[in-house]
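Those sequence lines, one after another, are chains A and B. Counting with the working numbering, you get residues 18 to 269 for the letters of the first sequence. Counting with the working numbering, you get residues 18 to 269 for the letters of the second sequence. The beta-carbon is built from N, C-alpha and C at its ideal position, and this holds for glycine as well. Each remark here refers to the structure printed beneath this line.
Protein chains: 2
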Amino acid sequence: VTRYRLLLEYDGAAYVGWQRQPDAPSIQAEVESALAQVLGGEPVMVTASGRTDAGVHALGQVVSFQSTVERSPIALVRGLNAVLPDDIACRAAGEVELAFHPIDSAVGKHYRYRVLDGVARAPLRRGQVYQTHKRLDLDRVRAAAMHFVGCHDFSSFRASRCSAVTAVRTLYRFEITRPVDEVRFDVEGTGFLRHMVRVLVGTLLDVSSGRFEPEDIPAILDAADRRRAGRTAAAQGLTLMRVHYPDGWPGV
Amino acid sequence: VTRYRLLLEYDGAAYVGWQRQPDAPSIQAEVESALAQVLGGEPVMVTASGRTDAGVHALGQVVSFQSTVERSPIALVRGLNAVLPDDIACRAAGEVELAFHPIDSAVGKHYRYRVLDGVARAPLRRGQVYQTHKRLDLDRVRAAAMHFVGCHDFSSFRASRCSAVTAVRTLYRFEITRPVDEVRFDVEGTGFLRHMVRVLVGTLLDVSSGRFEPEDIPAILDAADRRRAGRTAAAQGLTLMRVHYPDGWPGV
Numbered sequence: 018v019t020r021y022r023l024l025l026e027y028d029g030a031a032y033v034g035w036q037r038q039p040d041a042p043s044i045q046a047e048v049e050s051a052l053a054q055v056l057g058g059e060p061v062m063v064t065a066s067g068r069t070d071a072g073v074h075a076l077g078q079v080v081s082f083q084s085t086v087e088r089s090p091i092a093l094v095r096g097l098n099a100v101l102p103d104d105i106a107c108r109a110a111g112e113v114e115l116a117f118h119p120i121d122s123a124v125g126k127h128y129r130y131r132v133l134d135g136v137a138r139a140p141l142r143r144g145q146v147y148q149t150h151k152r153l154d155l156d157r158v159r160a161a162a163m164h165f166v167g168c169h170d171f172s173s174f175r176a177s178r179c180s181a182v183t184a185v186r187t188l189y190r191f192e193i194t195r196p197v198d199e200v201r202f203d204v205e206g207t208g209f210l211r212h213m214v215r216v217l218v219g220t221l222l223d224v225s226s227g228r229f230e231p232e233d234i235p236a237i238l239d240a241a242d243r244r245r246a247g248r249t250a251a252a253q254g255l256t257l258m259r260v261h262y263p264d265g266w267p268g269v
Numbered sequence: 018v019t020r021y022r023l024l025l026e027y028d029g030a031a032y033v034g035w036q037r038q039p040d041a042p043s044i045q046a047e048v049e050s051a052l053a054q055v056l057g058g059e060p061v062m063v064t065a066s067g068r069t070d071a072g073v074h075a076l077g078q079v080v081s082f083q084s085t086v087e088r089s090p091i092a093l094v095r096g097l098n099a100v101l102p103d104d105i106a107c108r109a110a111g112e113v114e115l116a117f118h119p120i121d122s123a124v125g126k127h128y129r130y131r132v133l134d135g136v137a138r139a140p141l142r143r144g145q146v147y148q149t150h151k152r153l154d155l156d157r158v159r160a161a162a163m164h165f166v167g168c169h170d171f172s173s174f175r176a177s178r179c180s181a182v183t184a185v186r187t188l189y190r191f192e193i194t195r196p197v198d199e200v201r202f203d204v205e206g207t208g209f210l211r212h213m214v215r216v217l218v219g220t221l222l223d224v225s226s227g228r229f230e231p232e233d234i235p236a237i238l239d240a241a242d243r244r245r246a247g248r249t250a251a252a253q254g255l256t257l258m259r260v261h262y263p264d265g266w267p268g269v
């Protein structure tokens, strides 16, 4: 038996998210069905580095599966791209040691949240940015975001139905930039809770609009209560950019 | 009467192009109908800096119209974005002198053609890049493209039904870069013929694949015969990036 990993890019708009659900289109179901075709009918179960929510995109989702069938990386990429729908693609493939697990082996993850803040829409980015008509106050937003960096209990910033045992996570990057006309929130950490990036960004949007002050953030973290944080920012602005592994796969 | 200009962004996939056609969706028809609504019912005729083909996109199309109705730039942007479909947006608006003409007043234009060359598809860019499975040989492509820069008769590189009186045009930039995993052809010139960028790029793709040699280009230009050049590259890879005017509108 051989263990493989795949690098996937997808537009999440048409799916209920990564995870397979009965009678609803999921990325997982599409990928497993494409793999079964490519591997000559052998059914496969695929594990992902994380379950992206409905509507969330990925540029660098990493997934893994075992198979008794031998396929070269290039054959997997070609074969999968020939059968996957237009909005899902395999960007790279490779064999990996049997002990590899896409979540447990990961050392970090990079998410990007994109906001278009102005009266002008941007049709060529539609569905991949969240639009707000009010210009963001990045001084306030950055002053607030600074409190998120480091090791914290993020209980206030996860979905109420998040089932993780501990909410302690470490964020080592929270960078907010304005390349031309959009605002990018680049968030990297060792792990993330359900909805965590979206609640963090939603709270920062609430800081920008004046609902919270930047210095309110420490108390919101301390409260460990989802009701104290801000709203959950819309899924379509979020993209899983990259999952980091000790071996650096798939390179640059 | 006041003359206005608008900066438009659009995804061309759903349209027969800029120009209005009976019983077919055009960008021009959408924009004129949106303007009529915003201007309280007054019918308007809009002129563009160029008629983008079916499927071609724009980040910076400039169009102009006259009206007896006074509207502030911000009211035009807001109003148009409220009524235009999702795949067309107004990015900026402004009053301009009555003598302004979006074609005649332009001093240059920038088009970008994007190619994804590899076995991996890219769902988040789908519809905005042209995909070829063979990796481009940029040394050959650049050696050929160098012959296009300057003032030439581009008769070999225009649609057979192009109606321009003279085919002499000046290209002052033909830059080919590979940012990460796509190839970009950035072409700037004082004016363009129908299909010109697409035939230039199509011919360069044929140089990459070996159908032509880079040193064949001068003879193809000299022939002034469309049949001597290469294929017309697909519309979806092409975007009108910017139209240059002496006053630099709309700024950066």
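Classification of residue i by the beta-carbon crowding that lies within 10 angstroms, buried from 16 upward
{"i": "residue 131(A)", "result": "buried"}
{"i": "residue 177(B)", "result": "exposed"}
{"i": "residue 88(B)", "result": "buried"}
{"i": "residue 69(B)", "result": "buried"}
{"i": "residue 270(A)", "result": "Chain A is shown from 18 up to 269; residue 270(A) falls before or after that span and cannot be answered."}
{"i": "residue 206(A)", "result": "buried"}
{"i": "residue 247(B)", "result": "buried"}
{"i": "residue 42(B)", "result": "exposed"}
{"i": "residue 235(B)", "result": "exposed"}
{"i": "residue 259(B)", "result": "buried"}
{"i": "residue 271(B)", "result": "Residue 271(B) lies beyond the stretch modelled for chain B, which goes from 18 to 269, so this question has no answer here."}
{"i": "residue 268(B)", "result": "exposed"}
{"i": "residue 119(A)", "result": "buried"}
{"i": "residue 253(A)", "result": "buried"}
{"i": "residue 189(B)", "result": "exposed"}
{"i": "residue 105(B)", "result": "buried"}
Straight-line Cα distance separating residue j from residue i
{"i": "residue 23(B)", "j": "residue 66(B)", "result": "11 Å"}
{"i": "residue 217(A)", "j": "residue 160(A)", "result": "13 Å"}
{"i": "residue 148(B)", "j": "residue 166(B)", "result": "25 Å"}
{"i": "residue 156(A)", "j": "residue 192(A)", "result": "12 Å"}
{"i": "residue 48(B)", "j": "residue 56(A)", "result": "50 Å"}
{"i": "residue 21(B)", "j": "residue 82(B)", "result": "6 Å"}
{"i": "residue 61(B)", "j": "residue 45(B)", "result": "11 Å"}
{"i": "residue 50(A)", "j": "residue 85(A)", "result": "16 Å"}
{"i": "residue 151(B)", "j": "residue 199(B)", "result": "12 Å"}
{"i": "residue 30(A)", "j": "residue 141(B)", "result": "11 Å"}
{"i": "residue 187(B)", "j": "residue 112(A)", "result": "52 Å"}
{"i": "residue 25(B)", "j": "residue 38(A)", "result": "41 Å"}
{"i": "residue 153(A)", "j": "residue 75(A)", "result": "25 Å"}
{"i": "residue 275(A)", "j": "residue 36(A)", "result": "Any question about residue 275(A) goes unanswered here, given that chain A covers just 18 to 269."}
{"i": "residue 195(A)", "j": "residue 201(A)", "result": "6 Å"}
{"i": "residue 243(B)", "j": "residue 170(B)", "result": "12 Å"}
{"i": "residue 14(A)", "j": "residue 249(B)", "result": "Only positions 18 to 269 of chain A appear in this structure, which leaves residue 14(A) out of reach."}
{"i": "residue 238(B)", "j": "residue 223(B)", "result": "15 Å"}
{"i": "residue 273(B)", "j": "residue 173(A)", "result": "Examination of residue 273(B) is not possible in this model, given that chain B is present from 18 through 269 alone."}
Under 7 Å from the C-beta of residue i: neighbouring residues of chain A
{"i": "residue 145(B)", "result": "141"}
Residue-chain proximity (residue i, chain A), Cβ-Cβ < 7 Å
{"i": "residue 94(B)", "result": "yes"}
Residue-level contact to chain B via CB, residue i, 7 Å cutoff
{"i": "residue 26(A)", "result": "yes"}
Under 8 Å by beta carbon: chain A residues contacting residue i
{"i": "residue 136(B)", "result": "91, 94, 95 and 98"}
{"i": "residue 106(B)", "result": "137, 138, 139 and 140"}
{"i": "residue 103(B)", "result": "138, 140 and 143"}
{"i": "residue 76(B)", "result": "141"}
Any non-hydrogen atom of the ligand FAD within 6 Å of residue i CB
{"i": "residue 191(B)", "result": "Looking at this structure, you won't find the ligand FAD or any other ligand, since it has none at all."}
#### Entry: Within the stretch 193-249 of chain B, ranges of the alpha helix (DSSP H) (whole runs, at least 4 residues)
For the stretch 193-249 of chain B, whole alpha helix (DSSP H) runs of length 4 or above, ordered along the chain, are 213-226 and 234-240.
### Any alpha helix (DSSP H) of 4 or more consecutive residues that is wholly inside the stretch 53-105 of chain B
90-100
### Message
To test your reading of the DSSP string, which unbroken beta strand (DSSP E) runs of 3 or more residues are found completely within the stretch 163-192 of chain A?
### Response
167-170
### Query
What beta strand (DSSP E) runs, 3 residues minimum, are completely inside the stretch 127-168 of chain B?
147-149
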